[in-house]
Amino acid sequence: MEFANLGAHCAHPGCNQQDFLPFKCDLCRLDFCQYHRSLTEHRCTREPKGWEIFKCPICNRAIDLIPGQDPNITWESHMNSGGCQEPEKKKCPVPKCNKTLTGVNCVECNRCHQTFCLTHRYSDTHNCVHPLERITKPHGGFQCKRCPRVFPKSGDLIQHMRAEHLA
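Each residue of the sequence shown is one higher than the one before, starting from 964 at the first, in my numbering.
If you want it as structure tokens, here you go:
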């Protein structure tokens, strides 16, 4: 069978259905199909911890609310822990492009290995410079062969050549 190694089989007795996106029970840690994923459907033998969990709207982490403890104290200790920070939103590195990069709208350039928005995904739209071209010359810099300008980095010279002499 071609897909025998994908997913998991439902652990419910008598089902054993192969599910490519199985559900793992948080208590017994067994895999179940969509029909047996609830605690009552698969008759989970493990006792729940009695804790409630909520998702922090700032850092998107799960926070345990301990029974009997004031939720405000739990929230305050989480906020003061130093670990609760809003994830840094990455922006497209092209000047004047303010698009926020998410997992869906970004592409890594095969040449310069930087991540760009879909508009600037092609090398000719983002002044693409290969990492080996970013070499800095210690003395004198890189002289343009067509004009008197000198650049400290080879990548700057390449961008200059593309913009000024090849356009």
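In this text, a Cβ means the ideal position worked out from N, Cα and C, and glycines have one as well.
Report the rounded CA-to-CA distance for residue i versus residue j, giving the unit in angstroms.
| i | j | result |
| --- | --- | --- |
| residue 1075 | residue 1051 | 22 angstroms |
| residue 1127 | residue 1110 | 10 angstroms |
| residue 990 | residue 997 | 16 angstroms |
| residue 1041 | residue 1027 | 10 angstroms |
| residue 973 | residue 1009 | 17 angstroms |
| residue 999 | residue 975 | 7 angstroms |
| residue 1087 | residue 1046 | 40 angstroms |
| residue 1079 | residue 1064 | 7 angstroms |
| residue 969 | residue 1023 | 29 angstroms |
| residue 1049 | residue 1025 | 14 angstroms |
| residue 1089 | residue 1033 | 52 angstroms |
| residue 1005 | residue 1029 | 26 angstroms |
Can you name the start and end residues of the beta strand (DSSP E) that residue i belongs to?
| i | result |
| --- | --- |
| residue 1026 | 1025 to 1028 |
| residue 1016 | 1015 to 1018 |
Report buried or exposed for residue i, applying the criterion of at least 16 other Cβ atoms within 10 angstroms of its Cβ.
| i | result |
| --- | --- |
| residue 1067 | exposed |
| residue 1118 | buried |
| residue 1092 | buried |
| residue 1121 | buried |
| residue 982 | buried |
| residue 1020 | exposed |
| residue 1129 | exposed |
| residue 985 | buried |
Where does the unbroken alpha helix (DSSP H) through residue i begin, and where does it stop?
| i | result |
| --- | --- |
| residue 1039 | 1034 to 1043 |
| residue 1121 | 1117 to 1123 |
What residues in its chain sit with their C-beta under 8 angstroms from that of residue i, if we drop five residues either side in the sequence?
| i | result |
| --- | --- |
| residue 964 | Reliability of the predicted coordinates at residue 964 is poor, the pLDDT of 48 falling under 50, and no value is obtained from them. |
With a threshold of 7 angstroms on Cβ separation, who are the neighbours of residue i within its own chain once the five nearest residues in sequence on each side are excluded?
| i | result |
| --- | --- |
| residue 979 | 972 and 973 |
| residue 1007 | 988, 990 and 991 |
| residue 1112 | 1123 |
Excluding the 5 residues preceding and the 5 following residue i in the sequence, name in chain order all residues of the same chain whose CB lies nearer than 6 angstroms to its CB.
| i | result |
| --- | --- |
| residue 1081 | 1068 |
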